[in-house]
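Enquirer: As numbered in the numbering used here, residues 50 to 322 make up the sequence shown, in order. Heads up, the beta-carbon is just placed ideally off N, CA and C, and yes, glycines get one too. The model shown is predicted, which means the values in this text are computed figures rather than measured ones.
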Amino acid sequence: MDIEKKSSSMAEENHSAGERANSMLNEFQLLTQTFRKALLFKENVRNSLDRKRVELKRQERENNARLQTLENNIRIYSLNTDRIVQNLEELDQKEKNIKQSYEKLLHGSAENPAEAVLAMSEAGGTGAATHVTLDSLIKKRKDYLDNLDKSFKQMDAELLSIETLRQEILFARDEILNKKEKALLKKESILEMGEKISEGLERVDSELGKSINEEQMMTESLRDLLQRIADSMELTEETDRLLFSTLTAAESKNCYESANASVLDDEASPPTS
């Protein structure tokens with residue numbers, strides 16, 4: 050009676066252990082699949098963030114290159130406007146000098162022809178001499194007036210040339226200032242873009258760091274779990290020997306039964322003529 054109870058109890062324990070093993074196997078498979086799906090998702094997130102980071106870094110390099118080019122252009126514009134200011138000052142000084150000479154000629158400061166005429170008239174004695182002297186004076190007067198007219202015309206031309214050049218320089222200055230203003234506005238836009246890119250990089254780096262930490266935590270958890278399972282799967286020598294001998298006996302029995310079944314099949318088969 051005791052052996053019957055023990056056999057019945059063993060049957061229940063055997064069945065329960067088998068069911069428990071199947072249940073744990075299913076749970077383990079479900080758990081590993083969950084880990085694999087989660088890790089695969091985290092890997093995709095990490096790869097996506099890595100690509101975003103690479104793209105943002107590329108945009109940052111290009112934006113910095115555009116900013117450097119603009120700053121060089123702005124520096125050149127500033128140098129050109131400084132040269133223009135210097136050129137305008139030189140033109141103003143040249144114009145001032147010419148106008149001063151112009152005023153002197155207009156007021157007879159260059160040479161007073163009346164004094165020359167008086168000196169020459171006092172030196173003359175006879176009518177013939179006076180006639181010759183007058184002719185000479187008239188000729189000198191004409192030469193003087195011709196030279197004076199040439200001087201005025203030359204100064205007029207120089208003043209006109211200075212004014213024309215000034216207008217050209219002022220026009221060039223306005224063009225440069227306009228380009229500089231546009232470059233400064235574009236620089237502001239590029240700086241704003243740089244700030245947005247920097248903010249995007251900070252956001253991506255933060256998300257990437259958080260995702261990597263979570264992925265690392267899940268990876269370590271799975272590794273620890275597998276290690277605990279592997280450690281729990283270590284059997285005692287006696288249990289390992291018993292399993293091996295039992296499986297060997299089971300395989301031998303299966304082979305024996307298969308062989309007997311084959312012999313019986315051969316005996317049951319009718320002879321062929």
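With a threshold of 8 Å, are at least 3 pairs of Cβ atoms found where one atom belongs to the segment 250-268 and the other to the segment 86-105?
Expert: The segment 250-268, when compared against the segment 86-105, does touch it at the 8 Å Cβ threshold.
Enquirer: Any heavy atom of the ligand ZN within a distance shorter than 6 Å of the CB on Met204?
Expert: Here there are no bound small molecules, and the ligand ZN is not part of this structure.
Enquirer: Would a C-beta distance cut-off of 7 Å place Ile218 and Glu144 closer than the cut-off?
Expert: Walking along the sequence shown from the start, residue 218 turns up at place 169. Walking along the sequence shown from the start, residue 144 turns up at place 95. No, they are not a contact pair.
Enquirer: List the endpoints of the continuous alpha helix (DSSP H) containing Leu119.
Expert: Within the sequence shown, the letter at position 70 stands for residue 119. 51-155 is the extent of the alpha helix (DSSP H) around Leu119.
Enquirer: Does the beta-carbon distance from Ile133 to Met204 come in below 7 Å?
Expert: The sequence position of residue 133 within the sequence shown is 84, counting from 1. The sequence position of residue 204 within the sequence shown is 155, counting from 1. No, the Cβ-Cβ distance between Ile133 and Met204 is not below 7 Å.
Enquirer: If I'm right that Glu264 touches Arg107 with Cβ under 8 Å, what's the distance once you round it to whole angstroms?
Expert: For this step, residue 264 is matched to residue 215 along the sequence shown. For this step, residue 107 is matched to residue 58 along the sequence shown. That pair is no contact at about 25 Å.
Enquirer: Please report how far the alpha carbon of Met242 lies from the alpha carbon of Asn112, in whole angstroms.
Expert: The residue labelled residue 242 in the question sits at position 193 within the sequence shown. The residue labelled residue 112 in the question sits at position 63 within the sequence shown. Distance between the alpha carbons of Met242 and Asn112 is about 8 Å.
Enquirer: Is the beta carbon of Ile239 less than 7 Å from the beta carbon of Arg110?
Expert: Within the sequence shown, residue 239 is the residue found at index 190, counting from 1. Within the sequence shown, residue 110 is the residue found at index 61, counting from 1. No, they are not a contact pair.
Enquirer: What would DSSP say about Thr182, mapped onto helix, strand or coil?
Expert: In the sequence shown, counting from the first residue as 1, residue 182 sits at position 133. Reduced to three states, the DSSP call for Thr182 is helix.
Enquirer: Short of 7 Å in beta carbon distance, which residues of its chain neighbour Glu76, apart from the five on each side in sequence? Order them along the chain.
Expert: Taking the first residue of the sequence shown as position 1, residue 76 is located at position 27. Here the set comprises nothing.
Enquirer: Can you tell me whether Met282 is helix, strand or coil according to DSSP?
Expert: If you number the sequence shown from 1, residue 282 lands on position 233. In the structure shown, Met282 sits in coil (DSSP, three-state: anything other than H, G, I, E or B).
Enquirer: Could you compute how far the alpha carbon of Thr130 sits from the alpha carbon of Lys228?
Expert: Counted from its first residue, the sequence shown places residue 130 at position 81. Counted from its first residue, the sequence shown places residue 228 at position 179. If I take the Cα positions, the gap works out to 11 Å.
Enquirer: So, using beta-carbon positions, are Leu105 and Leu250 closer together than 7 Å?
Expert: For this step, residue 105 is matched to residue 56 along the sequence shown. For this step, residue 250 is matched to residue 201 along the sequence shown. Yes; because the gap between Cβ atoms is below 7 Å, this pair is in contact.
Enquirer: Taking just the CA atoms, how far does Lys235 sit from Asn262?
Expert: Here residue 262 corresponds to residue number 213 of the sequence shown, with the count starting at 1. Here residue 235 corresponds to residue number 186 of the sequence shown, with the count starting at 1. If you take the alpha carbons of Asn262 and Lys235, they lie about 40 Å apart.
Enquirer: Assuming Ala232 and Leu128 make a contact with CB atoms under 8 Å, what is their CB distance in whole Å?
Expert: In the sequence shown, the residue the question calls residue 232 occupies position 183. In the sequence shown, the residue the question calls residue 128 occupies position 79. Contact flag wrong, Cβ pair sits at about 13 Å.
Enquirer: Hey, Leu88 and Met266 are a contact pair by Cβ (cut 8 Å); roughly how many whole angstroms apart?
Expert: Start at 1 with the first residue of the sequence shown, and residue 88 comes out as number 39. Start at 1 with the first residue of the sequence shown, and residue 266 comes out as number 217. In fact, because the Cβ distance is near 11 Å, the residues do not count as touching under 8 Å.
Enquirer: How big is the Cα-Cα spacing for Arg69 and Gln82?
Expert: Indexing the sequence shown from 1 puts residue 69 at position 20. Indexing the sequence shown from 1 puts residue 82 at position 33. Rounded to whole angstroms, Arg69 to Gln82 spans 20 Å at the Cα level.
Enquirer: Using a Cβ-Cβ cut-off of 6 Å (strictly less than) and excluding sequence neighbours within five positions of Glu62, which residues of its own chain qualify?
Expert: If you number the sequence shown from 1, residue 62 lands on position 13. Correct list: empty, nothing qualifies.
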